[in-house]
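Novice:
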Amino acid sequence: MILTQEQQDMLDGKYGEGTAFAMKIQVAIGESFDAKKMVPITRAHVALSNQEADLWFAEKLLNAGAKCRIAPTVNPGFCLSFFKNKDMVSKEDADLMQRTHDAYKGLGAVLSYNCTPYIDTNVPNFGEVVAFSESSATPYVNSVWGARSNREGANSALCAAITGYVPEYGLLFDENRKGDILVEVKADMKTDYDYHILGMLGKKIGNGIPVFTGLPKHISKEALRNLGAQLNTSGAYGMYHIVGFTPEAPTIEAAFGGNEPKRKVVITNEDMAAILEEISLEGNREIDFAMFGCPHFTLEEVKYIADRIQGQKLKKEMWILTSSHVKEMAVRMGFDDIISKSGGYIVPDTCPDQPCWGHLNGKIGITESPKCAYYPQRRGIHFVIRDLDTCIDAALTGEVK
Ligand code: F3S
């Protein structure tokens, strides 16, 4: 790779040991992808996980004196004050979260603890080169905003935030952003939940950049969030196109760059039903709790639940995960009051794949998100997956109907 004088100085340690370490990793990634040079970024998002390896890496950089040039937003861990107040975390787990907080604070990150920054806190413009990790974030910034990011890992995105550069390869080039697979959707796409299920069909869609046709004219930000999150739960997708909707796909020809699709796939209602059966526990049962907000819920979704349950008592616990700013708005607007009077909780800064959910071990939940059902399995928590209304009704009655 050809480096500028400044990049070479970073590598040689003139900007400190931490920056040199980050640049060394960036150059190694670039060389493995045959990148010729590094290009500057304007934004980054780090999929912090608050797990031992994540903390080890962040502390190593911090102790070596690294500081972010581009302050990245970060993913959720768990909300220390919320779970400590409820006595739901061990001292050991609380210490881990505190150390994660301290490390990222020391590195100069924006402590947003939210996995949907592309909706309101870290939104790139068309053509911006950025370094975004997180399953729903990379496809959203590429596909919906037309920004340019490779599928970064948490570590590579943090290195990019520190050096301010990424190696130029992959989705940063026009020619690599064209579609490969034509996905004709014949299934009924009526609600945001349907995009969760469509995204889980990665095995049928196959590897490459999908180009969707047959989707409705208006697609909500929540539906687009769900599609990206689940495409990366069932497969590995840096971007997709929706013909006539996403900015680099005004026509089918533009989406494929004038080439023929390498593969054609048709998605039917039967495909959607079959994948749901494969990934969900059977319905018609009692559940112990409901969990929503993986990826984090928007204010509109919180309002929807508040409107649905206002004045009623939940039979089962309901946990709604969201960002701290949506929680704050929910408090101001009275939704938090409505939901807590019904027996539910709006939890800021928190992910289902965290040690704060120990009390749910061995229990059966209901959720509208396959990603929410997928990760906590390793913590002994299992889910029925259904549309949001069915989930709300199950929390009210205690049973999936
Ligand atoms: Fe977000 Fe955690 Fe789900 S990072 S998408 S809440 S697994």
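Going letter by letter, the sequence shown gives residues 503 to 903 in my numbering.
All C-beta atoms, glycine included, are put in the ideal place defined by N, C-alpha and C.
Which stretch, first to last residue, makes up the alpha helix (DSSP H) that contains residue 525?
Specialist: Residue 525 -> alpha helix (DSSP H) spans 519–534.
Novice: Would DSSP call residue 594 helix, strand or coil?
Specialist: Residue 594: helix per DSSP, three-state reduction.
Novice: Does the structure place the region 575–583 close enough to the region 847–860 that three or more beta carbon pairs sit under 8 Å?
Specialist: A contact exists between the region 847–860 and the region 575–583.
Novice: Check residue 575 in the structure and name its three-state DSSP category.
Specialist: DSSP places residue 575 in strand when its eight states are reduced to three.
Novice: Can you check which of these residues, 837, 585 and 503, is closest to residue 529 by C-alpha distance?
Specialist: For the residues 837, 585 and 503, the minimum Cα distance to residue 529 belongs to 503.
Novice: Listed by chain order, which residues have C-beta atoms less than 7 Å from any heavy atom of the ligand F3S?
Specialist: Cβ-based neighbours of the ligand F3S within the cut-off: 549, 577, 578, 617, 636, 637, 638, 731, 795, 796, 797, 798, 823, 853, 854, 855, 873, 874 and 877.
Novice: Can you name the start and end residues of the alpha helix (DSSP H) that residue 712 belongs to?
Specialist: That residue, residue 712, is in no alpha helix (DSSP H); its beta strand (DSSP E) goes 712–715.
Novice: Could you check where the beta strand (DSSP E) with residue 821 kicks off and where it finishes?
Specialist: Segment 819–824, the beta strand (DSSP E) holding residue 821.
Novice: Use the C-beta contact count for residue 591: other C-beta atoms within 10 angstroms, 16 or more gives buried, fewer gives exposed.
Specialist: Flag for residue 591 reads buried.
Novice: Check whether the region 822–830 and the region 550–561 are in contact - that is, three or more C-beta pairs closer than 8 Å.
Specialist: No contact exists between the region 822–830 and the region 550–561.
Novice: I need the boundaries of the beta strand (DSSP E) containing residue 540, first residue and last residue.
Specialist: Counting along the chain, the beta strand (DSSP E) containing residue 540 begins and ends at 540–542.
Novice: DSSP puts residue 744 in a beta bridge; with which residues?
Specialist: Note: residue 744 sits in a beta bridge opposite 714.
Novice: Taking all protein chains shown into account, decide if residue 770 is buried (16 or more other Cβ within 10 angstroms of its Cβ) or exposed.
Specialist: Burial call: exposed.
Novice: If residue 629 and residue 568 are in contact, beta carbons under 8 Å, what's the gap, nearest whole angstrom?
Specialist: So it is not a contact: roughly 28 Å between Cβ atoms.
Novice: Here's a check: name, in chain order, each residue in its chain whose Cβ is nearer than 6 Å to the Cβ of residue 797, leaving out the five neighbours to either side.
Specialist: Excluding residues within five positions, the ones whose Cβ falls inside 6 Å are 617, 618, 638, 727 and 731.
Novice: In the DSSP assignment, find the beta strand (DSSP E) that holds residue 810 and state where it starts and stops.
Specialist: Residue 810 -> not in any beta strand (DSSP E); alpha helix (DSSP H) instead, spanning 801–811.
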